[in-house]
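Residue numbers (the numbering used here), protein chains in the order written: chain Y, 1 to 229; chain B, 1001 to 1229.
Even for Gly, the Cβ is constructed at its ideal location relative to N, Cα and C.
Protein chains: 2
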Amino acid sequence: MEVRTLARRGATPSRADESAETRQAILRAARELFMANGYRAVSTRQIADACGLTQPALYRHFSDKQELYAAVLEEELDTMRLGLERIHARNLGIAEQLRQVIRFMPTTRQDLAQMFHDIAHELDQETHARLQVAFERSMIAPLAAIFADGIHNGVLRDPAHGGVPPVAAAYLLLGMLQRPTGHTDRERGGLASLEQRAEMIVSMMLHGLLASDARDNTAAGHTTGSRDT
Amino acid sequence: MEVRTLARRGATPSRADESAETRQAILRAARELFMANGYRAVSTRQIADACGLTQPALYRHFSDKQELYAAVLEEELDTMRLGLERIHARNLGIAEQLRQVIRFMPTTRQDLAQMFHDIAHELDQETHARLQVAFERSMIAPLAAIFADGIHNGVLRDPAHGGVPPVAAAYLLLGMLQRPTGHTDRERGGLASLEQRAEMIVSMMLHGLLASDARDNTAAGHTTGSRDT
DNA sequence: CCTACCGATCGGTAGG
DNA sequence: CCTACCGATCGGTAGG
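This is the structure we're talking about:
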């Protein structure tokens, strides 16, 4: 939106072009800093430094820190939505779709949990509500659509027969996408590489952890009653 | 540790008693604030106010803000460890153990994700390493022990035969324990109540989401290839 | 354990 | 878009 002057190609850019470019530079710097460190840990001066501006210059493009953060998040969520909808549209079978979702998500967004916290705790009520809606539309809805398809196809268990509702499945998958901890790549039980991680999550989500002979003993959700040896 | 004077019961408390009580009051106030809002969002003055002290008085009991936070977390992690080990010791069958874990965890700790972030990003290298170890010993190890038992009992699939390693399963379960989002109790696909939540997580972790007739088609982890209708 | 106070840093504004 | 600067708040210290 608001891209008027594409007339003079290669000519000296108009003031509007320059302003738009500066705005983009700010958004890019802010995205990197906010995503890595969270809302509170990033100062407006750091963002300005990262794109060669003075701190007060930011306020020419964004009314305050919160609005800048909201703009970053809305851009980020839009990228997610596009990627997830693209994966969904490919209809490849649930296992492969989930694998692609898992590979796609963490590259765009390192620390999902931090984002949730900031949305819920660092913004005023109005901005919070706005971003909450964007989050549900961009992440929950596309993921839930994938699970809903699986149910309608009969590949996944229906919620009416002990299955998990699509929206709930979306939230649980999102939870598992958060990286184990810190960045010490020690023993994570094989969760180190993205590929292993994807396989484990898909395997657990679709097949469960039960051994085949133990299956359908506990179908109603009661005690398994297994003892030692 | 360091509880010397239990001699005079009911008498005027010694200075050491008073000091220990003050320390506990600080820890209690700090725990509530840190757990609800995160490390950075809580000021030392807020903590002092919450227990009727002036801010500099905190430094009689803790060398700095970071040490106070570390003390809170270590106490919290210890509570977790005790609870999880108790559940494990009950050996009730994997389904019931998981249910109890899910019911136990969020009451003690509302926002696990925030804790991870603070440990990784807000503390110096030394404190980070110390708490990382405590976290793995208090949360990952007990959870992994539950899954390891299940594998040894033959209830859970062995990692050598497509199962998920215990430590990886522990991390995935932890991820799913984080509450959906904010505190708007709207549509969460049935994840609203703790009890429903527990049932869904257990059902997905143990049985998977696949419909029974679709099972073992995708066992090797390749495409399911389901199309519409 | 209090009063008083420190330097640093924060988000944001004035004025050009 | 810059310089200069604001009040507020931060974690922590001095000194008693």
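Quick check: what's the CA-CA separation for residue i versus residue j?
i: Gln114 (chain Y); j: His1117 (chain B); result: 7 Å
i: Ala1050 (chain B); j: Ala1020 (chain B); result: 17 Å
i: Leu1033 (chain B); j: Ala1048 (chain B); result: 11 Å
i: His1183 (chain B); j: Asp124 (chain Y); result: In this prediction, His1183 (chain B) has a pLDDT of 47, which is less than 50 and means its spatial position is unreliable; nothing more can be read from the coordinates.
i: Met80 (chain Y); j: Tyr39 (chain Y); result: 20 Å
i: Asn160 (chain Y); j: Gly154 (chain Y); result: According to the sequence displayed, residue 160 (chain Y) carries Ala and not Asn. Cα to Cα, the separation comes out at about 12 Å.
i: Ala29 (chain Y); j: Asn91 (chain Y); result: 35 Å
i: Pro13 (chain Y); j: Ala57 (chain Y); result: 20 Å
i: His152 (chain Y); j: His207 (chain Y); result: 18 Å
i: Phe147 (chain Y); j: Ala16 (chain Y); result: 44 Å
i: Met205 (chain Y); j: Val1164 (chain B); result: 11 Å
i: Leu1209 (chain B); j: Gly150 (chain Y); result: 9 Å
i: Gly190 (chain Y); j: Leu1172 (chain B); result: 12 Å
i: Arg137 (chain Y); j: Ala1134 (chain B); result: 38 Å
i: Asn93 (chain Y); j: Gln1097 (chain B); result: Note that residue 93 (chain Y) corresponds to Gly in the displayed sequence, not to Asn. Approximately 33 Å between the Cα atoms of the pair.
i: Arg130 (chain Y); j: Ala211 (chain Y); result: 45 Å
i: Leu1073 (chain B); j: Gln1132 (chain B); result: 11 Å
i: His88 (chain Y); j: Thr1044 (chain B); result: 48 Å
i: Gly175 (chain Y); j: Ala120 (chain Y); result: 16 Å
i: Ala1070 (chain B); j: Leu1027 (chain B); result: 10 Å
i: Thr1005 (chain B); j: Gln1066 (chain B); result: Since pLDDT at Thr1005 (chain B) reaches only 49, below the 50 mark, its modelled position is unreliable, and no value is offered.
i: Glu1126 (chain B); j: Leu53 (chain Y); result: 35 Å
i: Glu1122 (chain B); j: Arg1086 (chain B); result: 31 Å
i: Thr1223 (chain B); j: Arg31 (chain Y); result: Because the pLDDT of Thr1223 (chain B) is 42, which lies under 50, any placement of that residue in the model is unreliable, and the question is left without a value.
i: Asp1078 (chain B); j: Phe1104 (chain B); result: 14 Å
i: Ala1095 (chain B); j: Gly162 (chain Y); result: 15 Å
i: Glu1018 (chain B); j: Ala41 (chain Y); result: 36 Å
i: Gln1055 (chain B); j: Leu1082 (chain B); result: 32 Å
i: His1128 (chain B); j: Asn37 (chain Y); result: 16 Å
i: Gln1046 (chain B); j: Ala11 (chain Y); result: 57 Å
Relative to the alpha-carbon of residue i, which residue among the options has its alpha-carbon at the smallest distance?
i: Ser1193 (chain B); options: B:Met1204, B:Leu1177 and B:His1207; result: B:Leu1177
i: Met1035 (chain B); options: B:Pro1106, B:Asp1158, B:Gly1208 and B:Leu1156; result: B:Pro1106
i: Arg23 (chain Y); options: Y:Met205, Y:Ala11 and Y:Glu75; result: Y:Glu75
i: Arg1099 (chain B); options: B:Leu1210, B:Leu1209, B:Ser1043 and B:Ile1201; result: B:Ile1201
i: Ala1025 (chain B); options: B:Leu1068, B:His1128 and B:Gln1132; result: B:Leu1068
i: Val1101 (chain B); options: B:Ala1011, B:Leu1156, B:Leu1084 and B:Ala1070; result: B:Leu1084
i: Arg1157 (chain B); options: Y:His128, Y:Ser203 and Y:Glu122; result: Y:Ser203
i: Leu1112 (chain B); options: Y:Gln55, Y:Leu77, Y:Phe104 and Y:Arg179; result: Y:Arg179
Would you say residue i touches the ligand GDP, meaning its beta carbon is less than 7 Å from a heavy atom?
i: Gly163 (chain Y); result: By its list of ligands, the structure shown contains no ligand whatsoever, and the ligand GDP lies outside what it can speak to.
By the DSSP assignment, the alpha helix (DSSP H) with residue i in it spans what residues?
i: Asn91 (chain Y); result: Run containing Asn91 (chain Y): none; DSSP gives neither H nor E here.
i: Arg28 (chain Y); result: Arg15 to Asn37
i: His1117 (chain B); result: Leu1112 to His1121
i: Val42 (chain Y); result: Where Val42 (chain Y) is concerned, there is no enclosing alpha helix (DSSP H), given that its DSSP letter is neither H nor E.
i: Gln1125 (chain B); result: Gln1125 to Phe1135
| Is there contact between the stretch 1056 to 1067 of chain B and the stretch 125 to 143 of chain Y, where contact requires at least three CB pairs shorter than 8 Å? | no
(request) Scan the stretch 1137 to 1214 of chain B and note each continuous alpha helix (DSSP H) run of 4 residues or more that stays entirely inside, going in chain order. (result) 1141 to 1152, 1166 to 1177 and 1194 to 1207
Practice prompt. Specify whether the stretch 1166 to 1176 of chain B and the stretch 197 to 204 of chain Y touch according to this definition: at least 3 beta carbon pairs, one from each stretch, less than 8 Å apart.
Written response: yes
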